[in-house]
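Residue numbers (the working numbering): 188 to 505.
Glycine included, each C-beta is placed from N, C-alpha and C at the ideal position.
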Amino acid sequence: MANISIFAMHTAYLLGFKRIADVRGVSSITKLFENNMSRCGLYLQIRPNNELYIGQTANLPARHERHLAHGVVVNELAFMPIQPKLLNEKEKELIAKAERLGLPLNNLALRSDTKQTKPVFSELFPEDWVKQWLMPSAPESDAFRQIYSSMHSGLRHQLDLTRAHPVWPQILPVARQVVSALIPKPTLSAGYFWSADAYTKRLNEPFLPLIRLHASSHTILQLGVYHDIPHIAWGQLTWPAMKVEISNDEILAYQKEMPYVKVESTNSGWLFSTSASLIPQVAERLQTPLRESLFALFKEPLLKKGNQALEYLLTHPK
Numbered sequence: 188m189a190n191i192s193i194f195a196m197h198t199a200y201l202l203g204f205k206r207i208a209d210v211r212g213v214s215s216i217t218k219l220f221e222n223n224m225s226r227c228g229l230y231l232q233i234r235p236n237n238e239l240y241i242g243q244t245a246n247l248p249a250r251h252e253r254h255l256a257h258g259v260v261v262n263e264l265a266f267m268p269i270q271p272k273l274l275n276e277k278e279k280e281l282i283a284k285a286e287r288l289g290l291p292l293n294n295l296a297l298r299s300d301t302k303q304t305k306p307v308f309s310e311l312f313p314e315d316w317v318k319q320w321l322m323p324s325a326p327e328s329d330a331f332r333q334i335y336s337s338m339h340s341g342l343r344h345q346l347d348l349t350r351a352h353p354v355w356p357q358i359l360p361v362a363r364q365v366v367s368a369l370i371p372k373p374t375l376s377a378g379y380f381w382s383a384d385a386y387t388k389r390l391n392e393p394f395l396p397l398i399r400l401h402a403s404s405h406t407i408l409q410l411g412v413y414h415d416i417p418h419i420a421w422g423q424l425t426w427p428a429m430k431v432e433i434s435n436d437e438i439l440a441y442q443k444e445m446p447y448v449k450v451e452s453t454n455s456g457w458l459f460s461t462s463a464s465l466i467p468q469v470a471e472r473l474q475t476p477l478r479e480s481l482f483a484l485f486k487e488p489l490l491k492k493g494n495q496a497l498e499y500l501l502t503h504p505k
């Protein structure tokens with residue numbers, strides 16, 4: 188798992204592949220099929236420049252060797268066992284799904300009809316609807332609107348840009364769930380035991396954080412997007428290196444239980460990176476040790492209020 192790219196892990200997860208391997212420099216993949224695992228099914232190749240190819244085969248090791256013989260370069264390979272009679276149907280469904288997700292697919296022969304006229308965005312989403320979605324209207328008596336109106340213009344601008352990002356609808360409910368899992372009684376602790384900030388684009392960073400939650404000087408949660416997969420929300424949850432001790436074996440056990448979560452050791456603790464949709468599961472599983480670690484940070488004098496309007500959105504789910 189260590190050499191598999193974030194793009195490959197997430198793409199495999201989106202398309203339903205539960206088995207993926209780094210095959211760079213590997214000519215034979217027979218060892219991947221121990222324990223009498225079926226070799227018939229669908230495969231996903233992640234090629235250089237994150238180009239994807241979906242195919243079907245009755246014998247994946249033999250098919251992989253034929254690809255290599257024709258000069259195809261494969262970085263990562265994912266596989267999904269499928270009954271032979273269902274291969275054609277499932278392959279077409281998977282290719283269509285990849286196209287709907289906007290993935291960089293290179294299946295020219297089996298692609299769905301690309302000559303069909305695509306609908307115009309303005310016809311599906313009129314301008315007034317887009318404006319309403321980007322900045323929902325609300326009466327001035329609404330608590331959020333009052334906080335928002337009283338904010339510093341710079342913070343308000345940051346929040347506006349963050350809420351206008353396409354992955355905002357994915358990120359907000361995830362952030363609410365994580366706050367509920369990590370901070371007891373969040374409506375009472377908002378503004379006292381944590382701070383929250385919204386960020387704008389930083390083009391020099393591979394990961395664009397849209398929401399960050401802080402405890403003291405530690406960044407506990409980041410939700411945003413990667414440059415190579417900007418249409419899907421990703422999250423990074425930090426386990427602070429505080430007084431709670433945990434062994435490497437325990438961390439590896441967590442990683443085995445959560446195969447689509449990338450676990451890294453950093454100077455400030457453990458960093459869990461995965462699709463934003465899976466972050467609540469990670470937070471729930473690590474809830475007790477995370478809270479024990481955060482408790483020491485909550486008592487630090489450096490805690491400060493962050494973006495108050497964002498705090499309200501995170502702690503007052505509608």
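Residue environment, residue i, which counts as buried when at least 16 other CB atoms sit within 10 Å
i, result
"K492", "exposed"
"P353", "exposed"
"Q270", "exposed"
"H414", "exposed"
"M506", "Nothing can be reported for residue 506, as the shown portion of the chain is limited to 188 through 505."
"E280", "exposed"
"V469", "buried"
"G258", "exposed"
Nearest-angstrom Cβ-Cβ length linking residue i and residue j, presumed shorter than 8 Å
i, j, result
"A199", "I193", "About 11 Å; that fails the 8 Å criterion."
"Q519", "G422", "Because the chain spans 188 through 505 in this model, residue 519 falls outside it and cannot be assessed."
"A402", "F331", "The pair is not a contact, with the Cβ atoms about 23 Å apart (cut-off 8 Å)."
"L400", "A383", "5 Å"
"A385", "Q474", "Wrong, their Cβ atoms sit about 25 Å apart, outside the cutoff."
Bridge partners - residue i, DSSP secondary structure assignment
i, result
"D209", "E263"
"E238", "R234"
"L273", "DSSP lists no partner for L273."
"T408", "This sequence places Leu at residue 408; Thr is not what is there. Answer is L400, L424."
"Q243", "L229"
"L292", "L239"
"P268", "G228"
Contact set for residue i: own chain, Cβ-Cβ below 7 Å, skip 5 residues either direction
i, result
"A285", "L202, L239, I241, L292"
"L219", "A208"
"I466", "V361, V365, G422, L424"
"K277", "L229, I269"
"L342", "N494"
Cβ shell of residue i (< 6 Å), same chain only, five flanking positions each side left out
i, result
"L481", "A402"
"I334", "Q495, A496, Y499"
"R478", "none"
Same chain, Cβ closer than 8 Å to residue i, five either side skipped, listed in chain order
i, result
"E444", "R472"
- Query: What runs of the alpha helix (DSSP H), each 4 residues or longer, lie entirely inside the region 411-475?
  - Reply: 435-444, 466-472
- Going along the chain, which unbroken runs of the beta strand (DSSP E) with 3 or more residues stay wholly within the region 337-406? 382-385, 394-402
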